[in-house]
Amino acid sequence: MTKILYMVVPCYNEELVLDETSERLKAKYEQLISNNIISPKSRVVYVNDGSKDKTWEKIQEKHNENPMFSGINLSRNRGHQNALLAGLMTVRNLADCVISMDADLQDDINAIDEMLEKFENENCDIVYGVRDNRDTDTVFKRRTAGAFYKLMQGLGSQSVPNHADFRLMSRRALDGLAQFPEQNLFLRGMVPLVGYKSDIVYYKRGERFAGESKYPLKKMISFALDGITSTSAAPMRLIFWIGLIWFLLAIVGAIYIIARHFINGSDVAGWASTMLAIIGFGGANLLALGVIGEYIGKIFLEVKQRPRYLIEDFINED
Ligand code: UDP
Ligand code: MG
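Heads up: the sequence shown runs through residues 1 to 318, numbered per the UniProt record's numbering.
Pasting the structure below:
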């Protein structure tokens, strides 16, 4: 029996790319169906993440033209990771495997064949799409991303280097992911924690087909900080060690100053070192508070247990 493949494609203001993306996915699906690799019940599910343009109208149009296209409309913009999770969780009982992909055609559609091959013949539950070069990204994005993945690994996070959210997951793996109730989503750090047999497929990352990146620098930085603080407690521990060493040094310094006072008598010199200590400790305190604040903020969000997304419509022909 051929497998039912669902693809989940989050879309935020993507009206400019949806025609082309749909064309290419349609050609790919037709090829896979005629080669008996996937079932004709396979679908492409666009998740409209509260777009301000005509993205949802476009998705409905695609659905009316061809039942291959389905749509999920979120009640408002919830961000890429929430939109992706909404899609994955909505379709996980309908599909044998689900591939998530960006709408802008930066992920290579032809890598899908190899992903399915590993799912079907090598019994992989998770197949990660990994870009083997970043020629098409700006030098800045390449450098910062490279440094970020190194840092993440240094901090003990499990994420796969150079893997974004282009991946295949089996139904079993999605059921595993469904048991992670956390609010601060960093899917590429969470999926490896699910486990099961996994493999990698390399692909060449292309350029955004049309429109502009929905990840400006500010969003990129906050995404990176979320990634670190939601998968690793190492920064908190690092601050503890720095604080401890600093504190021990201060005790040694205090002993030295007191001893000098009794030997030499008091002096007004030392203003500079006093100021330095105040500034140094003030800075260290603020840094430590900032790190702690980041985690407390996360705990605050977690304990509220708010829904991670609300679905307004789900159009799907079963
Ligand atoms: N996206 C989304 N909600 C958002 C921001 C982005 O669903 O709030 C989607 C977007 O439509 C795209 C994917 O997430 O399909 C990746 O975004 P983008 O291509 O702009 O990021 P980049 O490739 O520049 O990192
Ligand atoms: Mg992109």
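Just so you know, even glycine gets a beta-carbon here, dropped at the ideal spot from N, CA and C.
Since the structure is predicted, the reported quantities are computational estimates derived from the model, not experimental observations.
Problem set entry | Contacts around Q81, its chain only, beta-carbon distance under 6 Å, and the 5 residues preceding and following it disregarded | L185 and L187
For this session: Give me the Cβ distance between V252 and M115, rounded to the nearest whole Å; I'm assuming they're in contact under 8 Å.
Result: With a Cβ gap of about 59 Å, V252 and M115 do not count as contacting.
Exercise. Do you know offhand how far G129's Cα is from Y6's?
Worked result: 16 Å
Problem set entry | Whether A103 touches T21 by CB criterion (7 Å) | yes
For this session: Let me know the secondary structure DSSP gives L168 once reduced to three states.
Result: strand
For this session: Can you grab the Cα-Cα spacing for the pair residue 319 / K304, in whole Å?
Result: In the structure displayed, the chain extends from 1 to 318; residue 319 sits before or after that span and is not available.
For this session: Locate the alpha helix (DSSP H) running through F247, then write down its first and last residues.
Result: A234 to N264
Problem set entry | Supposed close pair I38, F314 - CB separation, criterion 8 Å | In fact, because the Cβ distance is near 21 Å, the residues do not count as touching under 8 Å.
Problem set entry | Touch test, the stretch 38-50 against the stretch 282-296, Cβ-Cβ under 8 Å, three pairs minimum | no
Exercise. Who are residue 319's beta bridge partners in DSSP?
Worked result: Here the chain comprises residues numbered 1 to 318, so residue 319 is not present and cannot be evaluated.
For this session: Please indicate yes or no: does the CB of A103 lie closer than 6 Å to some heavy atom of the ligand UDP?
Result: yes
Exercise. Alpha helix (DSSP H) containing G71: first to last residue?
Worked result: Counting along the chain, G71 falls outside any alpha helix (DSSP H), though it belongs to the beta strand (DSSP E) covering F69 to L74.
Problem set entry | Simplified DSSP assignment, three categories, for L16 | coil
Exercise. Could you give the C-beta distance for D125 and Y196, rounded to a whole number, given that I count them as a contact under 8 Å?
Worked result: 4 Å
Problem set entry | Status (buried if at least 16 other CB within 10 Å, exposed otherwise) for L88 | buried
For this session: Alpha carbon to alpha carbon, how far is F223 from R172? Give it in angstroms, no decimals.
Result: 27 Å
Exercise. Would you call R92 buried or exposed, if buried means 16 or more other Cβ atoms sit within 10 Å of its Cβ?
Worked result: buried
Problem set entry | Straight-line gap, I239 to A288 (C-alpha atoms, nearest Å) | 6 Å
For this session: Report the partner residues of G129 according to the DSSP bridge assignment.
Result: V201
Exercise. Do we get a CB-CB distance below 7 Å when we pair Y46 with the residues of chain B?
Worked result: This model lacks chain B altogether; it includes just one protein chain.
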